[in-house]
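Written below as structure tokens is the structure these notes are about.
There are 2 protein chains.
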Amino acid sequence: MTTSDSMARTRDAILRAAATALRTHERAGMADIAAAAGVGRATLYRHFATRDDLLVELGRFAAEESIRVIDAAGIDGVGTEAALTRLTRALLTSGREFWVVSTHRPQLWPEEEEVGERLRVLAERGQREGVLRADVPAELLAAAHGALILGALTLAPLSELGVEDATDTIVRLYLQGARLTPTEASPPP
Amino acid sequence: MTTSDSMARTRDAILRAAATALRTHERAGMADIAAAAGVGRATLYRHFATRDDLLVELGRFAAEESIRVIDAAGIDGVGTEAALTRLTRALLTSGREFWVVSTHRPQLWPEEEEVGERLRVLAERGQREGVLRADVPAELLAAAHGALILGALTLAPLSELGVEDATDTIVRLYLQGARLTPTEASPPP
DNA sequence: TCATCACGAGACAACTATGTCTCGTCTAGG
DNA sequence: CCTAGACGAGACATAGTTGTCTCGTGATGA
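Read top to bottom, the protein sequences are chains C and V.
The numbering used here applies: residue -6 is where the first sequence begins, and numbers increase by one.
The numbering used here applies: residue -6 is where the second sequence begins, and numbers increase by one.
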């Protein structure tokens, strides 16, 4: 059983390395990925039949990782605004490694749709609880939230922030907007 | 002079076709691009020395197009909020064709930086005029704005909206945020 | 009418990537 | 100690891509 354990670890290493390789060189081939993973090229083919297959599995892997991180964030136990913060932080964390996957796979697997689904469910919950505005469909609220997260992972000024600062900035702007209003005084704990 | 005119038109057609080809097949090669442009492969090499060269010029071209559309929007003549709307609409319009370029060129040319610069300048103006919040740096406001625009071009629920609806949604969410407040009643003209 | 020139078609070599296969090594479980 | 199997190295055939070159055509401007 230790053998299959080690195979699974190698597989993970390959997939993570693939994400890294694709992040730095978009047309990375099997040789680049193998080099990034520190394994022989033959080993790649022992785990994935074709390059396409590897990319598909990478999408699945990244989505599963994100879902795992989201589940660990325990967003169901807290209020909507806190849940928004936790979900954002979770996706910023896992996204640092894997956001590139989304640019390489227009076609979505169920596992990948699931991530967007979580955003949508939370938006709906916020609307039901009267925390989020209901004059914009939950899908669009969720899309805007997702766009901000993606932006924080890819756009220069935001990606240079740490996860905590980026989370803070995104959630504040997402909830309160960019307009100056005499409304907000952040409630001290 | 008509000859160079026609060459310029062919060049434009190639670059636009390249954007299309890269949008549908990320690893599109010279043959794919030529086919998309409806020209012979040799013609590509008459205009661009290498594939890399073509991609660089595509980045420049897309940025110039965006800048042109922004300039035509006349954002300096109107208030900050209207300018925000016009700038968003301009970028959504030109972006429909060219957003893909940004995913293919991490390295930025001056012409490409210019687009982000316009967003930042407008954010700064909004802060100076007291329309936008000043507790978040203008770069981050601009990045969030850009992220929403990018999201509207790439994420399913937003990209399926028309340009007008997407502009509306983005600007409203960007300015007012997603939180439900008894604040806003959109002032009827 | 004639010369020019951008073009399409396609041949071509050099290179690169993909996928398969073999062999020798090292490790872990038996 | 011994064997199974995961691995690295690398040879190999095939396919695809890149970049160059040539030739014939058709349109433009003189």
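Ideal placement from N, C-alpha and C gives every residue a C-beta, glycine not left out.
If you're wondering where the values come from, they're calculated on a predicted model, not measured in any experiment.
The stretch 143 to 152 of chain C and the stretch 84 to 92 of chain C touch, with three or more beta-carbon pairs separated by less than 8 angstroms.
Using a CB distance below 9 angstroms, the part of the stretch 109 to 137 of chain V facing chain C consists of Gly109, Arg113, Ala116, Gly119, Gln120, Gly123, Val124, Leu125, Arg126, Ala127, Asp128, Val129, Pro130, Glu132, Leu133, Leu134, Ala135, Ala136, Ala137, ordered along the chain.
For the pair V:Thr78 and V:Leu112, the Cα-to-Cα distance works out to about 12 angstroms. Identification of residues in the stretch 47 to 60 of chain C having a C-beta nearer than 9 angstroms to some C-beta of chain V yields an empty set. With a threshold of 16 other beta carbon atoms within 10 Å, C:Glu122 falls short and is exposed. Residue pairing by DSSP places V:Leu125 opposite C:Arg172 in a beta bridge. Residues of the stretch 70 to 83 of chain V with a C-beta atom less than 7 angstroms from some C-beta of chain C do not occur. Taking the Cα positions, C:Phe54 is about 8 angstroms away from C:Leu8.
As the crow flies, the alpha-carbon of C:Gly31 is around 52 angstroms from that of V:Ile68. Residues of the stretch 18 to 32 of chain V with a C-beta atom less than 7 angstroms from some C-beta of chain C are Glu19, Arg20, listed in chain order. Residue contact with chain C for V:Tyr167: present (Cβ-Cβ distance below 8 angstroms to some residue of chain C). Nearest to V:Leu168 by C-alpha distance, out of V:Glu153, V:Val156, V:Ala75, V:Glu104, is V:Ala75.
CA-to-CA, the gap between C:Leu154 and C:Thr160 works out to about 9 angstroms. Against chain C, the CB of V:Thr43 has no partner CB under 8 angstroms away; the residue lies outside that interface.
Residues of the same chain with a CB within less than 6 angstroms of the CB of C:Gly88, apart from the 5 flanking positions on each side, are Leu146 in chain order. Take the alpha-carbon of V:Glu107 and the one of V:Arg61: they are about 11 angstroms apart.
Rounded to the nearest whole angstrom, the CA to CA distance from V:Ala136 to V:Ile142 is 10 angstroms. When Cβ-Cβ separations below 8 angstroms define contact, C:Arg89 makes no contact with chain V.
Taking C-alpha positions only, V:Arg118 is separated from V:Gly72 by approximately 10 angstroms. Rounded to the nearest angstrom, the gap between the Cα atoms of V:Ile63 and V:Ala35 is 34 angstroms.
For the C-beta of C:Pro150, the chain V residues within less than 7 angstroms are, from N- to C-terminus, Glu132, Leu133, Ala136. In the displayed model, C:Glu157 falls within a helix according to three-state DSSP. Under the DSSP assignment, V:Ile26 falls in the alpha helix (DSSP H) whose first and last residues are 23 to 30. Using a CB distance cut-off of 8 angstroms, C:Gly67 does not count as an interface residue toward chain V. Within chain V, Gly144, Leu148 have C-beta atoms less than 8 angstroms from the C-beta of C:Gly139, given in sequence order. Under the three-state reduction of DSSP, V:His40 is assigned to helix. Scanning V:Leu37, V:Leu166, V:Thr174, V:Glu105 for the CA closest to the CA of V:Arg4 turns up V:Leu37. In the three-state reduction of the DSSP assignment, C:Gly67 falls in the coil class, being assigned neither a helical nor a strand state. Judged by DSSP secondary structure, C:His138 falls within the alpha helix (DSSP H) whose first and last residues are 131 to 147.
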